[in-house]
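Its first residue numbered 1, the sequence shown is counted upward by one per residue in the UniProt record's numbering.
Quick reminder that beta carbons are idealized off the backbone N, C-alpha and C, glycines included.
All values derive from a computational prediction rather than experimental measurement.
Shown next, in structure tokens, is the structure this report addresses.
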Amino acid sequence: MDVLADHTVLPPGGSEEGSQLKDLAEILDSDAELLLVTPDGQTFKLSRELRNVLSHASRALGTGHGVTLEPRSALLSTQGAADLLGVSRPTLVKLLKSGQIAFTQPGRHRRVQLKDLLEYQQRIRQRRRSELEAMTDEAAEDDAYRHINGFTETR
1 MDVLADHTVL PPGGSEEGSQ LKDLAEILDS DAELLLVTPD GQTFKLSREL RNVLSHASRA
61 LGTGHGVTLE PRSALLSTQG AADLLGVSRP TLVKLLKSGQ IAFTQPGRHR RVQLKDLLEY
121 QQRIRQRRRS ELEAMTDEAA EDDAYRHING FTETR
């Protein structure tokens, strides 16, 4: 994950710093106009989009999670893409070859756009969610919450 590692920020060690980051996220989420003031007195108004990015980052860091900031157009190697998805590189290559994730191959090496990986993750999440909902509905219809493998739950 070479490309993403360069843009990863790890959470601070102290709980006081984490608390301050959570407080900062609350301020960033407010409707108040926020300005960035440089040491020489220049002021810049923070846009809603930038405030959202900073809010998500400070909230994640405040709860002990690392944050990676990368443009959606970033190209990743197959290893970097596999690391991001949490799968092995051969598994990712199978996904690429099956057409589930778009990729380019300008030379010998495949490259995957970050936006395509994020779209794949979203599709998988939606599919899992709908399948779990269907299974839950089926279990509710069959009264499977109280009857397991033909036995009635007694406790």
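>> Am I right that L85 and Q126 are in contact with their C-beta atoms under 8 Å? What's the rounded C-beta distance?
In response: Between Q126 and L85 the Cβ distance is about 16 Å, and since that is not below 8 Å, they are no contact.
>> Short of 6 Å in beta carbon distance, which residues of its chain neighbour E141, apart from the five on each side in sequence? Order them along the chain.
In response: none
> Going by DSSP, which residues form a beta bridge with L35?
Replying inline: K45
> From E70 to N52, what does the alpha carbon distance come to, in whole angstroms?
Replying inline: 15 Å
> What residues match up with T8 in a beta bridge as DSSP calls it?
Replying inline: T68
>> At the level of alpha carbons, what is the spacing between G66 and K22?
In response: 14 Å
>> Tell me the DSSP secondary structure of V93 in three-state form.
In response: helix
> Under a three-way DSSP split, which group does V53 fall into?
Replying inline: helix
> Cβ atoms of A139 and L117: under 8 Å apart, would you say?
Replying inline: no
> Would you report the Cα separation of T104 and G41, rounded to the nearest angstrom?
Replying inline: 46 Å
> With 16 as the cutoff for other CB atoms within 10 Å, does D2 come out buried or exposed?
Replying inline: Below a pLDDT of 50, predicted positions are generally treated as unreliable, and D2, at 49, falls in that range; no measurement from the model is reported.
>> What does the alpha-carbon distance come out to for the pair L61 and T8?
In response: 11 Å
> Hey, would you say G64 sits closer than 8 Å to G99, going by beta carbons?
Replying inline: no
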